[in-house]
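In the numbering used here, the protein residues as written are 4 to 82.
The beta-carbon is built from N, C-alpha and C at its ideal position, and this holds for glycine as well.
Computed from a prediction, not measured in an experiment: that's the story for all the values here.
Below: the structure, in structure tokens.
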């Protein structure tokens with residue numbers, strides 16, 4: 004895979020991570036990053052960028068799940 008294509012995929016995934024609040028989407032982005040990291044011919048700089056973004060995704064997934072749990076516990080009052 005060309006490094007330019009990988010770079011574009013990383014940027015698209017990073018935007019998706021910033022915009023989403025759905026753990027399922029973040030898990031799919033995580034799988035995509037893992038697939039990219041499995042490529043042995045990847046540039047070291049891109050590999051480092053992907054590692055950093057993967058770390059961000061992994062930190063964000065539990066935070067969003069916790070936020071959703073708290074939101075679900077808030078009682079809805081109908082007037």
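Where do the N-terminal and C-terminal ends of the alpha helix (DSSP H) with residue i fall, by residue?
{"i": "residue 37", "result": "26-40"}
Answer yes or no: do residue i and residue j have a C-beta to C-beta separation smaller than 8 Å?
{"i": "residue 68", "j": "residue 26", "result": "yes"}
{"i": "residue 9", "j": "residue 39", "result": "yes"}
{"i": "residue 64", "j": "residue 13", "result": "no"}
{"i": "residue 17", "j": "residue 56", "result": "yes"}
{"i": "residue 60", "j": "residue 33", "result": "yes"}
Could one say the Cβ of residue i lies closer than 8 Å to chain D's Cβ atoms, at least one of them?
{"i": "residue 30", "result": "Of the chains in the structure shown, none is chain D; there is only one protein chain."}
Taking the C-alpha atoms as reference points, what is the distance between residue i and residue j?
{"i": "residue 36", "j": "residue 76", "result": "33 Å"}
{"i": "residue 5", "j": "residue 31", "result": "21 Å"}
{"i": "residue 15", "j": "residue 28", "result": "13 Å"}
{"i": "residue 19", "j": "residue 42", "result": "22 Å"}
{"i": "residue 66", "j": "residue 58", "result": "13 Å"}
{"i": "residue 62", "j": "residue 72", "result": "16 Å"}
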